[in-house]
Amino acid sequence: MRSQERHHRLLTLARQDGRVEVAVVAADFGVAPETIRRDLSELERRGLVRRTHGGAYPVESAGFETNLAQRVTLHVEDKRRIAAEAVKLLAGAETVFVDEGYTPQLLASLLPTDRPLTVITASLSTAAAVTESAHTTVLLLGGRVRARTLATVGAWACSMLSGFVIDLAYLGSNGISREFGLTTPDPAVADVKAKALGVSRRRVFMGHHGKFGASSFCRFAEISDFETIVTDTGLSTAEAHRYSMLGPQVIRV
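Residue numbers (the working numbering): 50 to 302.
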């Protein structure tokens, strides 16, 4: 099997399964593990995957995006810790924007239920996670529902947000880098995120360390727009310090 064919098959497998394991695909392809490691390094250099210990997972781009079903199976324990730490930053906020995505959905399920709280979200899954509390008012943004993420986008969602002043926004992204800021593959998603950012007094970014250094198609925020970044310890202390030099506090859990 030629290298170009291996690259294509590796990328296809990563996008189908959400990840690839070096040992598994080396056996499947009938090549040495070191060959697969070199292939993955080349795909990473081209911005198509991110390497992990023993494998890699795909980077989302204008032409590719994981769906919600894949996201709920990847890095789950890391995402639980991130959500649990991020919810501690709520303080006295009475109105909260919670972004689409699995980590924000986990955070939504941890929001306090013993005091009045208004949660604004574009995510059907996030809205469902907080509707049972008698003290929580849920405002679901209108618009077109994206099948991959079960989140609304479009002019209706942005118009609703423009009429709010929100105490705190919890935001995610498909990529975050010191060079390009926060990015996402879809311009319509970027519009909603940018509008939520613009009408919120405080902003917290939540994301797995694998998103750091990655960039996608549409930029919607700068690092300096956030007061806090919450990630896992997979992000090195040195790299966390570099991000903190741009303004936000960086918390690793």
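We put the beta carbon where it would ideally sit given N, CA and C, even for glycine.
Opening and closing residue of the alpha helix (DSSP H) in which residue i lies
{"i": "Ala157", "result": "151-159"}
{"i": "Leu138", "result": "From DSSP, Leu138 is part of no alpha helix (DSSP H); its letter is neither H nor E."}
{"i": "Arg99", "result": "Run containing Arg99: none in the alpha helix (DSSP H); it sits in the beta strand (DSSP E), 98-101."}
{"i": "Pro82", "result": "82-94"}
{"i": "Ala71", "result": "It is worth fixing the name first, because residue 71 is Val in this sequence and not Ala. Taken as a continuous stretch (DSSP letters only), the alpha helix (DSSP H) holding Val71 covers 71-78."}
{"i": "Val108", "result": "Looking at the DSSP string, Val108 is not in any alpha helix (DSSP H), and its letter there is neither H nor E."}
{"i": "Thr286", "result": "286-293"}
{"i": "Lys59", "result": "Note on identity: in this sequence residue 59 is Leu, with Lys being the wrong assignment. 52-66 is the extent of the alpha helix (DSSP H) around Leu59."}
When the options are compared against residue i, the one with the closest alpha-carbon
{"i": "Ala270", "options": "Ala218, Arg301, Val302, Gly259", "result": "Ala218"}
{"i": "Glu134", "options": "Gln298, Thr280, Met294", "result": "Thr280"}
{"i": "Val187", "options": "Arg193, Thr162, Arg197", "result": "Thr162"}
{"i": "His257", "options": "Val125, Val194, Val248, Lys242", "result": "Val125"}
{"i": "Ser90", "options": "Ser293, Asp77, Tyr106", "result": "Tyr106"}
{"i": "Arg99", "options": "Pro82, Glu70, Val80", "result": "Glu70"}
{"i": "Ser293", "options": "Phe254, Ser264, Lys244", "result": "Phe254"}
{"i": "Pro236", "options": "Leu210, Gly203, Gly259", "result": "Gly203"}
{"i": "Ala200", "options": "Val241, Ile215, Leu160, Val179", "result": "Val241"}
{"i": "His102", "options": "Arg195, Arg68, Gln53", "result": "Arg68"}
{"i": "Met209", "options": "Arg95, Phe266, Arg197, Gly192", "result": "Gly192"}
{"i": "Ala140", "options": "Arg268, Val194, Arg251, Thr282", "result": "Arg251"}
{"i": "Ser264", "options": "Glu93, Gly104, Thr198, Leu190", "result": "Glu93"}
{"i": "Arg95", "options": "Arg51, Thr232, Arg197, His56", "result": "His56"}
Residue i vs residue j beta-carbon contact at 8 Å
{"i": "Thr152", "j": "Gly221", "result": "yes"}
{"i": "Leu59", "j": "Asp77", "result": "no"}
{"i": "Val248", "j": "Phe213", "result": "yes"}
{"i": "Gly262", "j": "Ser285", "result": "no"}
{"i": "Pro165", "j": "Glu143", "result": "yes"}
{"i": "Val238", "j": "Arg130", "result": "no"}
{"i": "Ala206", "j": "Ala171", "result": "yes"}
{"i": "Glu83", "j": "Pro234", "result": "no"}
{"i": "Ala177", "j": "Val168", "result": "no"}
{"i": "Ile278", "j": "Ile300", "result": "yes"}
{"i": "Phe146", "j": "Ile215", "result": "yes"}
{"i": "Val179", "j": "Leu160", "result": "yes"}
Endpoints, the beta strand (DSSP E) within which residue i is located
{"i": "Leu166", "result": "166-170"}
{"i": "Val299", "result": "298-301"}
{"i": "Thr144", "result": "144-147"}
Per DSSP, the bridge partner or partners of residue i
{"i": "Arg193", "result": "Val202"}
{"i": "Leu188", "result": "Ile169"}
{"i": "Val279", "result": "Met255, Ile300"}
Length-filtered (3 minimum) beta strand (DSSP E) runs lying within the region 196-277 | 200-202, 215-220, 224-226, 230-233, 249-255, 267-270
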